[in-house]
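Worksheet for the structure shown next.
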Amino acid sequence: MSKRIDVKDLNVYYGDFLAVEDVTINIEAKSVTAFIGPSGCGKSTFLRTLNRMHEVLPGARVEGEVLLDGDNLYGAGVDPVTVRSQIGMVFQRPNPFPTMSIRDNVLAGVKLNNKKISKGEADVLVERSLKGANLWNEVKDRLDKPGSGLSGGQQQRLCIARAIAVEPQVILMDEPCSALDPISTLAIEDLINELKDQYTVVIVTHNMQQAARVSDRTAFFNIAGTGKPGKLIEVGDTHTIFSNPTQKATEDYVSGRFG
Amino acid sequence: MTATSLTSTQGAGRAGDKIFSGAALAAGCLILAVLFGVALFLVVQAIPALTAPAAEIQGGEGFFAYIWPIVIGTLIAALIALVIATPIAIGVALFISHFAPRGLAAGLGYVVDLLAAIPSVVYGAWGAAFLAKEISPAYNWLAQNMGWLPIFQGPASATGKTILTAGIVLAVMVLPIITSLSREIFLQTPKLHEEAALALGATRWEMIKMSVLPFARPGIISAVMLGLGRALGETMAVALVLSSGALTASLIQSGNQTIAAEIALNFPEASGLKVSTLIAAGLVLFVITLAVNMIARWIITRHKEFSGAN
Chain E
1 MSKRIDVKDL
11 NVYYGDFLAV
21 EDVTINIEAK
31 SVTAFIGPSG
41 CGKSTFLRTL
51 NRMHEVLPGA
61 RVEGEVLLDG
71 DNLYGAGVDP
81 VTVRSQIGMV
91 FQRPNPFPTM
101 SIRDNVLAGV
111 KLNNKKISKG
121 EADVLVERSL
131 KGANLWNEVK
141 DRLDKPGSGL
151 SGGQQQRLCI
161 ARAIAVEPQV
171 ILMDEPCSAL
181 DPISTLAIED
191 LINELKDQYT
201 VVIVTHNMQQ
211 AARVSDRTAF
221 FNIAGTGKPG
231 KLIEVGDTHT
241 IFSNPTQKAT
251 EDYVSGRFG
Chain X
260 MTATSLTSTQ
270 GAGRAGDKIF
280 SGAALAAGCL
290 ILAVLFGVAL
300 FLVVQAIPAL
310 TAPAAEIQGG
320 EGFFAYIWPI
330 VIGTLIAALI
340 ALVIATPIAI
350 GVALFISHFA
360 PRGLAAGLGY
370 VVDLLAAIPS
380 VVYGAWGAAF
390 LAKEISPAYN
400 WLAQNMGWLP
410 IFQGPASATG
420 KTILTAGIVL
430 AVMVLPIITS
440 LSREIFLQTP
450 KLHEEAALAL
460 GATRWEMIKM
470 SVLPFARPGI
480 ISAVMLGLGR
490 ALGETMAVAL
500 VLSSGALTAS
510 LIQSGNQTIA
520 AEIALNFPEA
530 SGLKVSTLIA
540 AGLVLFVITL
550 AVNMIARWII
560 TRHKEFSGAN
């Protein structure tokens with residue numbers, strides 16, 4: 001249940017401002033693709049176009065195609081709600097629903113669109129999702145306690161459990177570890193390694209070591225200057241990008257010689 | 260450096276602190292003093308009425324027999340107002356905060372605030388001169404078709420000056436309070452929580468159910484309670500609109516009375532024990548309002564664990 005994403009000539013706008021220019025990239029199924037690049041280069045903005053979360057902001061729009069196994073996400077008649085239920089997302093800061101228990105947080109996406117689920121099925125799903133997010137052993141005795149009472153790292157894994165509970169094709173992660181301590185970060189990175197057996201994972205990260213540790217392929221984004229659009233400079237196997245990139249800008253960035 | 264650099268204080272910097280904390284303390288104490296003064300006044304002035312022989316109180320059956328029908332009347336009028344105003348107010352607030360295009364939202368918010376700026380006597384005049392007349396055919400219809408319900412028992416008032424009309428006028432008056440407070444709360448919903456819902460594949464309405472309403476719940480309760488406070492205490496509008504009388508179950512006959520209107524209508528000509536009786540009625544209203552606010556606080560704190568504040 002994982003699909004590949006092919007992006008063709010995508011331009012991303014905030015109103016009239018071109019934020020990301022002309023991205024063409026292929027994201028393989030059942031692999032981890034990392035987006036790296038300096039702040040403001042548009043990698044998070046681009047990530048949000050992959051599940052149509054970009055257009056939640058007023059005035060935001062895109063031109064071009066994003067194909068999920070050949071189906072254009074931006075085609076006529078495509079409902080963004082359906083897109084988002086197939087392409088899950090984990091955010092920079094953990095955001096479990098504060099008024100819901102741990103159990104209800106996991107089930108939040110499943111219960112949407114008036115879907116009914118029996119208690120037995122729900123129990124199975126909660127356990128499977130929390131185990132999938134490596135959180136089950138820590139929370140199995142307090143499923144009815146609020147999700148906001150967990151530590152930051154546990155909350156982020158709860159958000160991952162919530163995302164995988166709806167069995168998406170793809171999971172997008174927008175700097176999922178940037179608000180976490182090193183131990184929690186390690187737990188999430190281990191989890192990403194397991195997730196790629198079943199899902200297509202795309203992760204944005206500021207941390208190049210993290211990209212090198214978790215990803216199979218890496219895409220480097222850069223920006224020429226303030227007010228200019230971000231661009232995809234280079235994409236390739238993570239090993240190649242970090243050891244033998246074809247572009248000078250990539251080499252400068254990954255070796256730390258970046259201004 | 261010597262030890263004096265640690266122990267000696269910088270005069271100028273500390274003076275501002277002291278003045279500010281003194282002023283804040285004084286302001287806090289002033290509120291308590293005013294509240295205590297009002298409560299003390301009400302209690303002292305009410306004692307003659309509470310201790311007087313039953314036969315001397317208006318109605319001749321004692322203070323309790325005098326007060327309970329108008330307590331019920333007050334609660335009925337306020338309840339009608341809230342039942343009508345709350346859903347409309349939440350709907351309008353949601354429309355302004357999450358559905359309307361940005362230009363329209365600003366204009367609409369301004370119009371709602373304008374509603375709050377209309378003096379209550381104007382609402383009263385409108386209710387008495389216009390709404391009561393226009394709405395009485397509807398009361399006749401209710402009496403004929405829904406008359407088997409005690410609250411719609413006929414014959415309907417010919418003038419339309421009933422407790423239901425008063426409740427509707429009160430609803431219009433509390434609407435802007437509940438709307439603008441709810442709107443502020445809705446706008447404060449963390450983007451992160453809204454996006455969490457949307458990213459799971461929630462529709463806009465599901466996003467509101469999952470993230471906006473739970474976040475706003477304590478705020479909505481506070482807003483409704485403030486509205487209730489105004490509805491309970493509103494005097495002029497009820498005094499003008501309601502053709503008062505004895506307590507009746509039917510909302511579409513004339514009758515019933517609220518505490519605030521009872522005080523306003525009778526106070527100018529009252530003397531002696533009658534003044535005491537009216538002040539005692541005021542004390543009862545004060546206690547009701549206090550109880551309402553305490554219940555609201557209790558409801559809000561009951562769900563603290565799940566409020567996201569931890």
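Protein chains in written order, with this note's numbering: chain E, 1 to 259; chain X, 260 to 569.
Quick reminder that beta carbons are idealized off the backbone N, C-alpha and C, glycines included.
Nothing here was measured: the structure is a model prediction, and the numbers come from that model.
Whole-Å CB distance - residue i paired with residue j, under 8 Å assumed
| i | j | result |
| --- | --- | --- |
| residue 68 of chain E | residue 169 of chain E | 7 Å |
| residue 578 of chain X | residue 337 of chain X | Since the first residue shown for chain X is 260 and the last is 569, residue 578 of chain X is missing from the structure and cannot be characterised. |
| residue 349 of chain X | residue 423 of chain X | Going by Cβ atoms, the distance from residue 349 of chain X to residue 423 of chain X rounds to 22 Å, so no, they are not a contact pair. |
| residue 545 of chain X | residue 309 of chain X | Not quite, the Cβ-Cβ distance comes to about 14 Å (not below 8 Å), so this is no contact. |
| residue 578 of chain X | residue 395 of chain X | Coverage of chain X is limited to positions 260 through 569, which leaves residue 578 of chain X absent and any answer about it impossible. |
| residue 89 of chain E | residue 216 of chain E | The pair is not a contact, with the Cβ atoms about 20 Å apart (cut-off 8 Å). |
| residue 225 of chain E | residue 42 of chain E | Going by Cβ atoms, the distance from residue 225 of chain E to residue 42 of chain E rounds to 13 Å, so no, they are not a contact pair. |
| residue 340 of chain X | residue 441 of chain X | Wrong, their Cβ atoms sit about 16 Å apart, outside the cutoff. |
| residue 160 of chain E | residue 133 of chain E | 4 Å |
| residue 536 of chain X | residue 347 of chain X | About 37 Å separates the two Cβ atoms, so there is no contact after all. |
| residue 448 of chain X | residue 470 of chain X | 6 Å |
| residue 35 of chain E | residue 18 of chain E | So it is not a contact: roughly 18 Å between Cβ atoms. |
| residue 482 of chain X | residue 436 of chain X | 7 Å |
7 Å CB neighbourhood of residue i in its chain, flanking five on each side removed
| i | result |
| --- | --- |
| residue 105 of chain E | 96, 97, 147, 158, 162 |
| residue 178 of chain E | 92, 206 |
| residue 250 of chain E | 220, 233, 234, 241 |
| residue 50 of chain E | 5, 66, 87, 172, 202 |
| residue 25 of chain E | 7, 219, 232, 235 |
| residue 259 of chain E | Residue placement at residue 259 of chain E is flagged as unreliable, the pLDDT there being 47, under the threshold of 50; the coordinate-derived value follows with that caveat. Here the set comprises nothing. |
| residue 364 of chain X | 355 |
| residue 144 of chain E | 101, 103 |
| residue 521 of chain X | 329, 540 |
| residue 484 of chain X | 551, 552, 555 |
Chain-ordered chain X contacts of residue i [CB-CB under 9 Å]
| i | result |
| --- | --- |
| residue 112 of chain E | 456, 459, 460, 461, 462, 465, 469 |
| residue 162 of chain E | 455, 459 |
| residue 166 of chain E | 459, 460 |
Partners in chain E for residue i, counting only beta-carbon separations shorter than 8 Å
| i | result |
| --- | --- |
| residue 451 of chain X | 91, 93, 95 |
Reference residue i; option with closest CA among the options
| i | options | result |
| --- | --- | --- |
| residue 185 of chain E | E:166, E:211, E:199, E:57 | E:211 |
| residue 241 of chain E | E:230, E:221, E:225 | E:221 |
| residue 62 of chain E | E:112, E:194, E:193, E:45 | E:45 |
| residue 303 of chain X | X:508, X:547, X:542 | X:542 |
| residue 33 of chain E | E:256, E:238, E:140 | E:238 |
| residue 644 of chain X | X:556, X:389, X:388, X:419 | Past the edges of chain X, shown from 260 to 569, lies residue 644 of chain X, and the structure says nothing about it. |
| residue 227 of chain E | E:3, E:2, E:14 | E:14 |
| residue 212 of chain X | X:406, X:391, X:397, X:380 | Here chain X comprises residues numbered 260 to 569, so residue 212 of chain X is not present and cannot be evaluated. |
| residue 446 of chain X | X:456, X:474, X:460, X:551 | X:474 |
| residue 390 of chain X | X:362, X:368, X:430 | X:430 |
Own chain residues within Cβ distance below 8 Å of residue i, not counting five before or after
| i | result |
| --- | --- |
| residue 568 of chain X | With a pLDDT of only 48 at residue 568 of chain X, under 50, the local geometry of the prediction cannot be trusted, and the value read off the model is given with reservation. For residue 568 of chain X, where only same-chain residues beyond five positions count, there are no Cβ hits under 8 Å. |
| residue 386 of chain X | 424, 425, 427, 428, 496, 499, 500 |
| residue 504 of chain X | 513, 514, 515, 516 |
| residue 526 of chain X | 534, 537 |
| residue 453 of chain X | 466, 470, 471 |
| residue 81 of chain E | 113 |
| residue 100 of chain E | 108, 146, 147 |
Own chain residues within Cβ distance below 6 Å of residue i, not counting five before or after
| i | result |
| --- | --- |
| residue 553 of chain X | none |
| residue 296 of chain X | none |
| residue 518 of chain X | 329, 333, 540, 544 |
| residue 433 of chain X | 340, 344, 486, 489, 490 |
| residue 164 of chain E | 129, 132 |
Proximal residues of chain E, C-beta to C-beta of residue i below 9 Å
| i | result |
| --- | --- |
| residue 473 of chain X | 97, 98, 99, 100 |
| residue 361 of chain X | 58 |
Proximal chain X residues relative to residue i, where beta-carbon distance stays under 7 Å
| i | result |
| --- | --- |
| residue 151 of chain E | Under the 7 Å cutoff, chain X gives no residues; its nearest Cβ is about 12 Å from residue 151 of chain E. |
| residue 109 of chain E | 459, 460 |
Residues that residue i contacts on chain X, provided the C-beta gap is smaller than 8 Å
| i | result |
| --- | --- |
| residue 53 of chain E | 454, 457, 458 |
| residue 266 of chain E | What the structure shows of chain E is the stretch from 1 to 259, and residue 266 of chain E is not part of that stretch, so it cannot be assessed. |
| residue 85 of chain E | 459, 460 |
| residue 15 of chain E | Neighbours of residue 15 of chain E on chain X: none; closest Cβ ~13 Å, over 8 Å. |
| residue 81 of chain E | 460, 461, 462 |
Quick check on the DSSP output: what are the complete alpha helix (DSSP H) runs of length 4 or more inside the stretch 87-125 of chain E, in order along the chain?
102-107
Length-filtered (3 minimum) beta strand (DSSP E) runs lying within the stretch 223-253 of chain E: 230-237
task = Ignoring anything shorter than 4 residues or poking outside the stretch 274-354 of chain X, list the alpha helix (DSSP H) runs there in chain order.
result = 322-353
Original post:
What runs of the alpha helix (DSSP H), each 4 residues or longer, lie entirely inside the stretch 459-516 of chain X?
Top reply: 463-466, 472-492, 495-500
Can you list, in chain order, the stretches of the alpha helix (DSSP H) that have 4 or more residues and sit fully within the stretch 10-73 of chain E?
-> 43-49
Complete beta strand (DSSP E) runs within the stretch 392-424 of chain X (minimum length 3 residues, chain order): none
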